[in-house]
Amino acid sequence: MIDDMEEDNGVMKNKEIVKKQRTREIPTETSTNVLHGTKDFAYAIDMAESILIRNDDTLNEVDPSMSVEKQQLSTRKDKIPLIIVPSAPTAKITLFNVKKFLENSIFEDARTFRAQGMKKPEYVTVERVKRNGQVVVYDIVDSVAKFSQSDWNRVCCVFVGGQAWQFIGWKYENPFELFLHVKGVFPKWSDEKVSGKAAHWVVTPLDIHRHQRHRDKLCVSQFWDMLDKYNQVNKRFLNF
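All residue numbers in the sequence shown are consecutive under our numbering, ending with 334.
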């Protein structure tokens with residue numbers, strides 16, 4: 095019995111010696127093992143396959159609430175400049191006449207459209223033709239009730255009527271804070287001065303001639319130049 099145990103112990107010691115010796119050996123390189131390598135890359139293959147499967151599943155995932163077309167439209171919309179005009183019927187520029195003014199360079203009193211029974215639109219889209227022939231779209235509204243943060247980011251210009259209540263419910267209700275974030279424009283008759291509260295706001299006067307309609311083109315051109323300069327510095331992410 096003791097002899098058998100000693101024999102078994104001897105075998106185990108021999109195995110351990112051989113194992114240690116093998117760990118110290120430098121494997122002999124042959125043309126076969128050099129070509130095949132000494133490492134097993136099966137784990138790497140499995141990992142790569144799992145990554146490819148995961149990526150494929152991710153690419154195939156589709157948000158049911160937003161199609162590709164809607165996603166593209168959303169991206170484009172986020173870059174459309176947005177202008178806010180007063181809702182007051184006595185304002186020089188409103189949703190009634192802003193399209194004709196900015197697109198055709200013709201000022202027409204907003205009250206004329208109201209007298210004709212025209213219904214005020216919820217918003218207006220202006221297509222501006224630049225000097226190089228490029229057409230740029232601007233969205234124009236007079237209410238911010240349905241504004242999202244994305245909409246506020248798009249606001250580049252506000253036409254003011256001179257009354258502080260115009261800004262009630264806005265993201266920036268204080269005019270002094272508001273015009274730190276957007277370009278303020280005060281449309282007025284060319285023979286008048288900026289008066290009232292607007293005289294203390296950081297706004298740029300927009301001179302409109304009472305009767306000389308041939309001067310409207312220059313007025314509109316100056317407006318676009320002014321807005322372009324502002325956007326170039328403050329709203330470069332917009333398409334202007």
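Cβ atoms here follow ideal geometry from the backbone N, Cα and C, with glycine treated the same way.
Could you tell me whether the Cβ atoms of R222 and L176 are closer together than 9 Å? no
Does the region 251–260 come close enough to the region 272–280 that 3 or more CB-CB pairs lie under 8 Å? yes
If you compare alpha carbons, which of F190, V296, E202, Q326 is closest to K213? F190
Are the region 203–220 and the region 297–313 in contact at 8 Å, needing three or more beta carbon pairs? no
Where does D236 land, buried or exposed, given buried means 16+ other C-beta within 10 angstroms? buried
One question on the structure: do F331 and K171 come within less than 9 Å of each other, judged by their Cβ atoms? No, Cβ-Cβ distance for F331 and K171 is not below 9 Å.
Quick check: what's the CA-CA separation for S284 versus H305? Just so you know, the alpha carbons of S284 and H305 end up roughly 10 Å apart.
Assigned exposure category for T188 - 16 Cβ within 10 Å defines buried: buried
Roughly how many angstroms separate the alpha carbons of F77 and G227, rounded to a whole number? This structure cannot speak to residue 77, because the chain is shown only from 95 to 334.
If D273 and V297 are in contact, beta carbons under 8 Å, what's the gap, nearest whole angstrom? Checking the sequence, you will find Phe at residue 273 rather than Asp. Between V297 and F273 the Cβ distance is about 7 Å, and since that is below 8 Å, they are a contact.
For C250 and chain C, any beta-carbon pair shorter than 9 Å? As a matter of chain content, chain C is missing from the structure shown, which is built from one protein chain.
Sort R307, L300, H308 by Cα distance to L321 and report the nearest one. When only C-alpha atoms are compared, the closest one is L300.
Quick one: what does DSSP say E197 is sitting in, helix, strand or coil? helix
Could you spell out where the alpha helix (DSSP H) holding F270 opens and where it closes? 269–272
My output table needs one value for K171: the three-state DSSP class, helix, strand or coil. helix
Alpha carbon of W246 to alpha carbon of K265, nearest angstrom: 8 Å
Whole runs of the beta strand (DSSP E) within the region 230–318, excluding any shorter than 3 residues: 249–253, 277–283, 297–302
With 16 other Cβ atoms within 10 Å as the buried cut-off, status of K186: buried
V231 and N333 closer than 9 Å at C-beta: yes
Which residue comes first and which comes last in the alpha helix (DSSP H) that contains T206? For T206, the enclosing alpha helix (DSSP H) stretches over residues 204–209.
What does the Cβ neighbour count give for F270, buried or exposed, with the cut at 16 atoms within 10 Å? exposed
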